[in-house]
Each structure stands twice: as C-alpha cells, then as structure tokens.
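Here the structure is laid out as structure tokens; the discussion comes afterwards.
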Amino acid sequence: IELKLPQLFLGRQAAALPITLALDGIKSRLDGGVVVVPKLEIARLEPQTGPPRGGNPIELVGHGFHTGMTVRIGGREAGDLEVQSANRLRFRAPAGEFGYAPVTVSSAYFENDSATASTDYFYAGSAAGSAELPSDKAAPVADIARGDQLIYAVTGGRYDVINRRGRRLKQLRSSTARLMVVDTSNPVRPQVLEKDLADETRPYFHEISGGLASTDGFRGVARDEQNLYVAGGDRLLHFDLTTPTDPLYTGDLEIAETVNGQSRPGQVRDVLAHDGLIFVSSTLGIHVIERDDFGELRIIEHIGRRALQGTPNALAVDGGRLWFTMEIARRVKAIELTSGAFEIAADLPTADGAGNRFRPKDLLVRDDLLLVSSGERGSVLAYERDGQGGAQFAAEQSLTFLLESGSVEAGELALQGQTLYVAAGQGDLQLYDVARWLRHDFNRPLEMKHYFAVNGNVNSLGVTGEALFTGAAFPYRQGEPTENPIEQASAVRQLGGSVNTIENDLLTVTGQQPAPESRLPVNQPVRVDFNRLLDPQQ
Numbered sequence: 003i004e005l006k007l008p009q010l011f012l013g014r015q016a017a018a019l020p021i022t023l024a025l026d027g028i029k030s031r032l033d034g035g036v037v038v039v040p041k042l043e044i045a046r047l048e049p050q051t052g053p054p055r056g057g058n059p060i061e062l063v064g065h066g067f068h069t070g071m072t073v074r075i076g077g078r079e080a081g082d083l084e085v086q087s088a089n090r091l092r093f094r095a096p097a098g099e100f101g102y103a104p105v106t107v108s109s110a111y112f113e114n115d116s117a118t119a120s121t122d123y124f125y126a127g128s129a130a131g132s133a134e135l136p137s138d139k140a141a142p143v144a145d146i147a148r149g150d151q152l153i154y155a156v157t158g159g160r161y162d163v164i165n166r167r168g169r170r171l172k173q174l175r176s177s178t179a180r181l182m183v184v185d186t187s188n189p190v191r192p193q194v195l196e197k198d199l200a201d202e203t204r205p206y207f208h209e210i211s212g213g214l215a216s217t218d219g220f221r222g223v224a225r226d227e228q229n230l231y232v233a234g235g236d237r238l239l240h241f242d243l244t245t246p247t248d249p250l251y252t253g254d255l256e257i258a259e260t261v262n263g264q265s266r267p268g269q270v271r272d273v274l275a276h277d278g279l280i281f282v283s284s285t286l287g288i289h290v291i292e293r294d295d296f297g298e299l300r301i302i303e304h305i306g307r308r309a310l311q312g313t314p315n316a317l318a319v320d321g322g323r324l325w326f327t328m329e330i331a332r333r334v335k336a337i338e339l340t341s342g343a344f345e346i347a348a349d350l351p352t353a354d355g356a357g358n359r360f361r362p363k364d365l366l367v368r369d370d371l372l373l374v375s376s377g378e379r380g381s382v383l384a385y386e387r388d389g390q391g392g393a394q395f396a397a398e399q400s401l402t403f404l405l406e407s408g409s410v411e412a413g414e415l416a417l418q419g420q421t422l423y424v425a426a427g428q429g430d431l432q433l434y435d436v437a438r439w440l441r442h443d444f445n446r447p448l449e450m451k452h453y454f455a456v457n458g459n460v461n462s463l464g465v466t467g468e469a470l471f472t473g474a475a476f477p478y479r480q481g482e483p484t485e486n487p488i489e490q491a492s493a494v495r496q497l498g499g500s501v502n503t504i505e506n507d508l509l510t511v512t513g514q515q516p517a518p519e520s521r522l523p524v525n526q527p528v529r530v531d532f533n534r535l536l537d538p539q540q
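Here our numbering is used: the first residue of the sequence shown is 3, the next is one more, and so on.
Here it is in structure tokens:
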C-alpha cells in the first residue's frame, strides 16, 4: 500500500504516531508506526569551549534530534552520542586545533537534513594542573605573587552570578582574608601547603580574624626578594621569606592619615614592592614605605588625594616613575621617584579614539608605549607617550568574547618579550602578539596567540618562560565548583578559588637587546632570549 502522508501540524514537536488500517470492518493498529521529527536545529551548546585534546562532554539543545545522527566539530566526528530527547543530545568532543570550529549535526535518514550551530565551539588551552583552595571558608583568589616553585595567594573579592541571557542575578562577596602557599614544583599536581601550629594543621599561613569587610578581604600581594607584603583593609602586612615554604609574619602597618589630630584609616587598593620600597595605593592616596634597619615598616612619604586629584588604584613602576590608574577620575598618572619630591610627572585621560572615557583597570609601561586595560569595556588600549607627561591614543584591541551571555573584563596585564598576557575574568587568560605595537605599527589588529580556559574567573596571573600561573574565583553549586552561566541565584551561595598552572608550550621571545625602536652600538651583539632551547647542540 502506498499513501501520501497528510499534513500533521506538529510544528517543532517530535511524535511517535500510530498507523491504523481498516478493511471491511476489520481494523489493525500499529502503535509508533511512524516517527515524526522536525527539521534539525541547534539552539545552544554547552560548554562552548574545551581543550584541544577533546574527550570532554558537550550537550546540544535544539530540535529534531534522533538516533542515527552524526555530530562533527570542525569536520571531526564526535563520539559517544546519547540522544536524551528530541531536544537534547550529549556527546564527547573530538580532538581539534586551537581556535574556533563549527558544530554541525546531520541525519542519516533524511537527505540534506543538517544544521550548524550559530555559535562556534572554541578549542582553548587548559590548565596542566589546578589546586583548589580549601572550602571551609570562602576562598576566591584576589592576587598571587611568584616564588621559587611557589605561589603565594591571598583571598578576597567578588563574583557576579550571570544567567544565559546575560542578566546579573546577584553578586557573591567574600571578606575572608587568608595567605596561602601553593607548591608548583610539580605543575601537573600543584598542592596547597599546610602549616603546623601546636596540635593543629591549617591550610593557610595567616588569616585576619573576622575578615576584612571594608575591602572584601585582601586586595594585593607583592614579593621583593626575601620579603612578602600583603595588603587589605587599612593594613600592610609583612612576612619574612627566609624559609620560602613557611612565611613568617613579622608585623603590620596601619595605612592612615592624621586630620585635626585624629587618625583616619584608609582602604587599600594595591601594593607594589620595588628596589627596597613599598608603594601602597588607598582611598587616602599613595604611601611610600620602607623597612628600617630593625625590620620595622616606616612611612617615608604620603602623597594625599588632594595632591593626586583623585583616588589611585593599580600601581606600576617604570623608568624612575610610579604610574597608577585612577578608575573614578578615568585617568592615568605618574609621579617621579628619582628626586624624592614625588611630583606629578605624567597625566592623561583614558579615552578611546572617539574620545569616549573609560575606567582604567591596569597598566603597563614599555619605553614610550603605555598599555591600559579597560575593565568591563573588554579591551586593551595603546598610547604613545609624547615625552611631555602626556600621551596620544594609538590603538585599541578588543579581547576575544567566547560566551554570548558572558562578560569579559580586561584586568591584570603582563608583558614578557613580545607577548601580552591579559587576565580577562570570565574571558579567562588571553595571549596576544604585540610585536607590531612595540614597533609603533598600529594599523592592524593584534594576533591572538593563545587562549587558556580555567574554571571560574581569572583575577590574577604570573608569567615565567616555562609556565603560566593564574588565580581564579568561582562559586560552588551542590558542593562542586561551577561557573557562569547560572540560571538560579539560589543555587550558589559560597565562593571558592584555585591556583592553576599552565604549561607555556608556545615558542616565545622572553627578552631582547636592544629594546624595540632603540639603538645599539655597532660593536655590541644583538641578544634574543627564548623560553626554550632552540638547538641542543649549540
């Protein structure tokens, strides 16, 4: 019997329909005789990123899924297909190459019935190892400092809970202020070290009782040879690193100013150690601090907000100048250090090529080039310094945005050789080749060299020739680490954190002499440093 199937008006609904045959009053019925499925369509894939080695589970949400389908990512067939319903499909990603790859599904039963996801899958690098900080208290990593095969991590900070539509459901905050030490001698298995105190073993080396609510825990950590400085609230703490695996707390200093005979505390924003001096930015301005002959911390200069004309945030030192961002004022400034007068030596508004002002998050200075990260704007901007204390906008590089409903925050910057490293929050860790900018060529966008994804938001980073390190923050859902998007605000209540080690498998320039655009005496050699051996025989 041949027949023409009638219009069933099922829309996008999949259905198993019965077939009934009637002849001379005799009927026969076959339940599920016809299975009707809509045309294939992919509405969403989760997650949208994964490691190049593949093997990680992916879930597709859409329409028309059925057995006998084929799923490909970047042309490579996926395995372990599991059709959970006509609208949901799970499988394991095949191995691929770094970068974007289209996701397609096709049917073996219907000719030319295939669909491609509107969002490409992204093969991103992953951490070689990760050390999750203890979860007895909230432990988002606020900042890290590198030691010899050690990472010193301080906790504190916030996390925005965002759903798939990009809406912020709530903000998780932590005032827990702890100093922790992570052993990275084995980068595949970094371990949180413990401190034995009397009959008790603790997974941290120092903790502020009751936390630091005024600054959401610690704000920064800086290392200068055998000294470690941790800042948060209105305090600067000093630790002796004579035994690197056991930081010894020696005391702290109040960051305050005296007004009309009254001491008024500040709220620390950042800390930087350089050539025996410690610089602390706070709501009171900038304090210049040193350790005297007896090891005591002593304030030698306080440049107040009135002199700075605003509140300083992130700090950087270059060429005898202390540079700092001013988020509220939307400016970058510098004070000179060589004369000891600490006068303003540079002042420029942070604006893009169209003159739109933004809040600077972090900055780097390389010769006459100034790089500024733009926070929630999600980009890095380059300025050419004019030698008169000002600078002109040169170029802007937007960071890579992987998640449609996510957010990318251009935060901490690091420059090693010709590679720029950007801690991008939910945008993880992104690497760009800035050789073009270093030679003042701003006509084309920068090339992204790599992208590393970790669980949660990357807040801080450390760079060496052999490895990269990141400090991250994430929420817990049902006791397990998770990350955005999160659909129910009530599903997450506590923050966690981790220190991640990433193998720097790219051949990169880590240093060079002379510097770009500089001069070299005719009798001096050109020197280029790499992060690996180029020829074992030489």
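Each residue gets a CB set at the ideal place from its N, CA and C atoms; glycine is no exception.
Between residue i and residue j, what straight-line distance do the alpha-carbon atoms span, to the nearest angstrom?
| i | j | result |
| --- | --- | --- |
| T118 | E43 | 7 Å |
| V511 | L535 | 12 Å |
| G52 | V273 | 35 Å |
| G34 | I21 | 7 Å |
| V367 | L373 | 6 Å |
| L324 | L317 | 7 Å |
| S108 | R74 | 9 Å |
| F532 | D185 | 25 Å |
| L152 | E468 | 14 Å |
| L238 | Y251 | 11 Å |
| G77 | D122 | 12 Å |
| Y423 | I257 | 31 Å |
| L255 | L286 | 15 Å |
| D294 | A155 | 26 Å |
| A16 | A88 | 6 Å |
| L181 | F207 | 6 Å |
Cβ of residue i within 8 Å of Cβ of residue j?
| i | j | result |
| --- | --- | --- |
| L365 | K451 | no |
| L448 | D435 | yes |
| I60 | F93 | yes |
| T247 | L195 | yes |
| G355 | F395 | yes |
| I488 | V163 | yes |
| S375 | A412 | yes |
| F360 | R379 | yes |
| V460 | A426 | yes |
| P483 | L174 | no |
| T503 | F471 | yes |
| G27 | G56 | no |
| E113 | P96 | no |
By the three-class DSSP mapping on this structure, what secondary structure does residue i have?
| i | result |
| --- | --- |
| L286 | coil |
| G462 | Note that residue 462 is Ser in the sequence shown here, rather than Gly. S462: strand per DSSP, three-state reduction. |
| T72 | strand |
| A129 | coil |
| A426 | coil |
| S381 | strand |
| R175 | strand |
| T260 | strand |
| A493 | helix |
| A309 | helix |
| L522 | coil |
| S30 | strand |
| L195 | coil |
| S341 | coil |
| L509 | coil |
| S409 | coil |
| T247 | coil |
| A215 | helix |
| L365 | strand |
Which residue or residues does DSSP assign as beta-bridge partners of residue i?
| i | result |
| --- | --- |
| N229 | D226 and D242 |
| E482 | R479 |
| D254 | L239 |
| T51 | F124 |
| Y434 | L422 and M450 |
| R333 | M328 and P351 |
| Q399 | V382 |
| N502 | S132 and T472 |
| I60 | F93 |
Please return the same chain residues whose Cβ sits closer than 6 Å to the Cβ of residue i, not counting the five positions on each side in sequence.
| i | result |
| --- | --- |
| H68 | V39 |
| S520 | none |
| G222 | D145, A233, D272 and V273 |
| A493 | R479 |
With 8 Å as the threshold, decide whether the Cβ of residue i is near any Cβ in chain B.
| i | result |
| --- | --- |
| A97 | You won't find chain B in this structure, because it holds only one protein chain. |
So, at 7 Å on beta carbons, what are the nonlocal neighbours of residue i in its own chain, with the 5 sequence-adjacent residues on each side left out?
| i | result |
| --- | --- |
| P518 | L440 and R441 |
| A133 | V184, P192, Q193, V194, S500 and V501 |
Can you give me the Cβ contacts of residue i inside the same chain, cut-off strictly under 8 Å, excluding the 5 residues immediately before and after it?
| i | result |
| --- | --- |
| T178 | K139, A140, A141, T157, G158, E209, G213 and G219 |
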